[in-house]
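93 is the number that the numbering used here gives to position 91 of the sequence shown; each next residue is one higher, with no gaps. Below is one structure; the comments refer to it alone.
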Amino acid sequence: MSKFEPLFAMIEAGVKAKGAEMVKMGGAVFQLIISDGGDAGKLCIDLKSGSGSATRGEKAADVTITMKDEDFAAMATGKLDGMQAFMSGKLKLAGNMMLAQKLDTILQSARP
Numbered sequence: 003m004s005k006f007e008p009l010f011a012m013i014e015a016g017v018k019a020k021g022a023e024m025v026k027m028g029g030a031v032f033q034l035i036i037s038d039g040g041d042a043g044k045l046c047i048d049l050k051s052g053s054g055s056a057t058r059g060e061k062a063a064d065v066t067i068t069m070k071d072e073d074f075a076a077m078a079t080g081k082l083d084g085m086q087a088f089m090s091g092k093l094k095l096a097g098n099m100m101l102a103q104k105l106d107t108i109l110q111s112a113r114p
């Protein structure tokens with residue numbers, strides 16, 4: 003079973019519950035791609051306006067973050083630092099790299 007599924011569900015629930023608050027923190031569209039997760043491993047987190055949204059699939063984004071399932075799970079649980087993941091090639095970025103730094107804060111706020 004994939005490790006990203008419960009994390010994606012947590013993010014979706016977090017955006018639903020705290021969307022407006024997360025929009026203030028994020029202010030951008032984040033695309034998560036789990037490289038070994040197939041089509042199910044794609045989540046678009048829109049924190050640009052209103053109360054935000056998280057939808058499955060791939061859409062135009064300000065920053066796209068691509069990781070393997072295991073590395074995403076480690077980063078989401080705090081076992082892998084985002085900067086270390088990027089420097090070691092475990093995390094790939096496309097788009098505005100500065101926005102990627104907000105992802106850790108967003109993941110933390112999505113936790114119940």
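Every residue, glycine too, gets a C-beta built ideally from N, C-alpha and C. The model shown is predicted, which means the values in this text are computed figures rather than measured ones.
Proximal residues to residue i (C-beta, below 6 angstroms), its chain only, five neighbours per side dropped
i, result
"E60", "K44"
Nearest candidate by alpha-carbon position, reference residue i, set the options
i, options, result
"D71", "M89, S51, M99 and G39", "G39"
"V25", "L9, P8, D41 and G52", "G52"
Cβ neighbour criterion (16 or more within 10 Å) applied to residue i
i, result
"M89", "exposed"
"G29", "exposed"
"G54", "buried"
"G21", "buried"
"T66", "buried"
Cβ shell of residue i (< 7 angstroms), same chain only, five flanking positions each side left out
i, result
"T68", "I35, S37 and K94"
- Message: So within the stretch 42-74, which uninterrupted alpha helix (DSSP H) runs reach at least 4 residues, ignoring any that extend past its ends?
- Response: none
- Query: If we count Cβ pairs, one from each stretch, closer than 8 angstroms, do we get three or more for the stretch 50-60 versus the stretch 10-28?
  - Reply: yes
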